[in-house]
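The opening position of the sequence shown corresponds to residue 249 in this note's numbering, with each subsequent residue numbered one higher.
Where is the CB? At the ideal position from N, CA and C, for every residue including glycine.
Below is one structure, written out as structure tokens; comments come after it.
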Amino acid sequence: MLPLIFLLLTFPILAFAEKLYVVERERGSLAVVVDGRLVKEIEGLGNLNHATLKLWRGKAYLISRDGYLSQIDTEKDELLRKVKVGESAIGIDFTRDHIVVANYEPKTVVVLDEELNVVQSLNTGSRNVGIKGFEVGFVFSLMDRDEIWLVKDKSVKVFGNVGAMPFDALLKGNVYVVGFFKEGGVGLLDVKREVYRKVVFLSAGKEVVFKIPHFGTWGVSGDRAFIPVVGERRLYLVNLRNFNLEGHVELSGLPVFAVISPDGKYVAVNFSGDREDYVALVDPHTLEPVSRIDRPTLAALAVRIEGTRLIDNHLLQPPGGA
Numbered sequence: 249m250l251p252l253i254f255l256l257l258t259f260p261i262l263a264f265a266e267k268l269y270v271v272e273r274e275r276g277s278l279a280v281v282v283d284g285r286l287v288k289e290i291e292g293l294g295n296l297n298h299a300t301l302k303l304w305r306g307k308a309y310l311i312s313r314d315g316y317l318s319q320i321d322t323e324k325d326e327l328l329r330k331v332k333v334g335e336s337a338i339g340i341d342f343t344r345d346h347i348v349v350a351n352y353e354p355k356t357v358v359v360l361d362e363e364l365n366v367v368q369s370l371n372t373g374s375r376n377v378g379i380k381g382f383e384v385g386f387v388f389s390l391m392d393r394d395e396i397w398l399v400k401d402k403s404v405k406v407f408g409n410v411g412a413m414p415f416d417a418l419l420k421g422n423v424y425v426v427g428f429f430k431e432g433g434v435g436l437l438d439v440k441r442e443v444y445r446k447v448v449f450l451s452a453g454k455e456v457v458f459k460i461p462h463f464g465t466w467g468v469s470g471d472r473a474f475i476p477v478v479g480e481r482r483l484y485l486v487n488l489r490n491f492n493l494e495g496h497v498e499l500s501g502l503p504v505f506a507v508i509s510p511d512g513k514y515v516a517v518n519f520s521g522d523r524e525d526y527v528a529l530v531d532p533h534t535l536e537p538v539s540r541i542d543r544p545t546l547a548a549l550a551v552r553i554e555g556t557r558l559i560d561n562h563l564l565q566p567p568g569g570a
């Protein structure tokens, strides 16, 4: 049986097949799955606990927890380049021309070109999180210094006292939204206007404070976001235009990620703790759970262009298997 699967990246190949890259945490390898069948494994990629895989300019880039950045040919499914950019890496993203990596250790943010040559290294004095790239620069948060650094055209602007222990972030349009581990509300930085403010979520004129340590664009649809909140068995629906709380979904477990299907008909939610082997499907309009999958060792969620697919590691067959 394959080990726990952590992350999936999916895209169509040719006209009749679907390819998925599956990060296998315990193996330290990347599984290549075509039409639901395991066809290859790319090995030697480092410690893949909390690994991140993204596409850029027709290639896949994977950052391992122990600081290895790998470039993968998505046509031949082969490792092209692998470089060491840190001892403990946490995130990766892209600008128009560069790859940017956030490290816990050393306390740096590293900028690389397409050939994985280091062109800049920023010493921040902090663990770095929530790194997001945009056309002319990138932005990230400093967990240990309560700061946000905005890098544009090689200049750095520092925003201080943004909130207690920034933990993760998303970038929607020009707005960088950062969540905090030690306080409620979120911080908003307009990367174009370079203006920062903090907000809390409001419902019917009442202040509702809750913490959002983890973000993911999978839960965003238009101006609405389904947000799992730390320590609560709820999924909150937040309007990202005015940051009003529009409702919530009662859940049976502590949510980790919320994923909206491309057709907008369902929100899939997975859990940690006593419900870590379960997935719930939620109607985004009624805010009611419509189905629950009780499948031991359920591994991850994958969103495909035609719909939503849940991938269980029992369903993957080894190369050449029946």
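Within a Cβ cutoff of 8 Å, which residues of the same chain sit near residue i, ignoring the five residues on either side of it in sequence?
{"i": "E198", "result": "Beyond the ends of the chain as shown, which are 249 and 570, falls residue 198; an answer cannot be given."}
{"i": "G521", "result": "G501, L502"}
{"i": "S469", "result": "I508, G512, P532"}
Identify which residue in the options has its Cα closest to the Cα of residue i.
{"i": "R393", "options": "S336, G373, K332, S509", "result": "G373"}
{"i": "V333", "options": "V477, L485, D314", "result": "D314"}
{"i": "K405", "options": "P414, K302, F388", "result": "F388"}
{"i": "R329", "options": "G512, L493, I290, P476", "result": "I290"}
{"i": "I508", "options": "G467, A528, V478, R481", "result": "G467"}
{"i": "S336", "options": "Y309, Q368, Q319, R375", "result": "R375"}
{"i": "K513", "options": "E323, K446, V538, L310", "result": "V538"}
{"i": "N409", "options": "M391, G276, L301, W304", "result": "M391"}
{"i": "T322", "options": "Y316, I311, L303, I338", "result": "L303"}
{"i": "F491", "options": "W397, V425, I338, S318", "result": "V425"}
Roughly how many whole angstroms lie between the Cα atoms of residue i and residue j?
{"i": "V357", "j": "V331", "result": "15 Å"}
{"i": "L286", "j": "E274", "result": "17 Å"}
{"i": "G555", "j": "V517", "result": "Since pLDDT at G555 reaches only 42, below the 50 mark, its modelled position is unreliable, and no value is offered."}
{"i": "L483", "j": "G284", "result": "30 Å"}
{"i": "D444", "j": "G432", "result": "The sequence given here places Tyr at residue 444; Asp does not occur at that position. Near 16 Å, if we compare the C-alpha coordinates of G432 and Y444."}
{"i": "L493", "j": "Y352", "result": "33 Å"}
{"i": "R441", "j": "V399", "result": "13 Å"}
{"i": "F474", "j": "V530", "result": "10 Å"}
{"i": "L360", "j": "D525", "result": "38 Å"}
{"i": "V271", "j": "K288", "result": "12 Å"}
{"i": "A299", "j": "L268", "result": "16 Å"}
{"i": "L346", "j": "L364", "result": "One point to set straight first is that residue 346 is His, not Leu, in the sequence displayed. Going by the C-alpha atoms only, they are around 9 Å apart."}
{"i": "V366", "j": "K324", "result": "25 Å"}
Counting contacts by CB-CB distance shorter than 7 Å, is residue i in contact with chain C?
{"i": "M391", "result": "Going by chain labels, chain C is absent from the structure shown, which holds only one protein chain."}
Which of helix, strand or coil does DSSP assign to residue i?
{"i": "G467", "result": "helix"}
{"i": "R393", "result": "coil"}
{"i": "R523", "result": "helix"}
{"i": "K240", "result": "Outside the displayed range of the chain (249 to 570) lies residue 240, so it cannot be described from this structure."}
{"i": "H496", "result": "strand"}
{"i": "P203", "result": "Missing from the structure shown is residue 203; the chain here goes from 249 to 570 and no further."}
{"i": "Y309", "result": "strand"}
{"i": "K440", "result": "coil"}
{"i": "S403", "result": "strand"}
{"i": "N409", "result": "coil"}
{"i": "V359", "result": "strand"}
{"i": "F491", "result": "coil"}
{"i": "F429", "result": "coil"}
In terms of DSSP beta bridges, what is residue i paired with?
{"i": "F382", "result": "G385"}
{"i": "P354", "result": "In the DSSP output, where bridge partners are listed per residue, P354 has none listed."}
{"i": "R374", "result": "Residue identity check: residue 374 is Ser in the sequence provided, not Arg. Bridge partners of S374: none, in fact."}
{"i": "V447", "result": "V434"}
{"i": "K420", "result": "V423"}
Excluding sequence positions up to five away, which residues of its chain have a Cβ less than 7 Å from the Cβ of residue i?
{"i": "G495", "result": "L485, L535"}
{"i": "D471", "result": "N487, L488, R489"}
Counting only the same chain and skipping the five closest in sequence on each side, list residues whose C-beta sits under 6 Å from that of residue i.
{"i": "P532", "result": "V515"}
{"i": "D341", "result": "V348, I379, K380, G381"}
Answer yes or no: the CB of residue i versus the heavy atoms of the ligand COA, is any distance below 6 Å?
{"i": "E362", "result": "Ligands in the displayed structure: none, and consequently the ligand COA is not present."}
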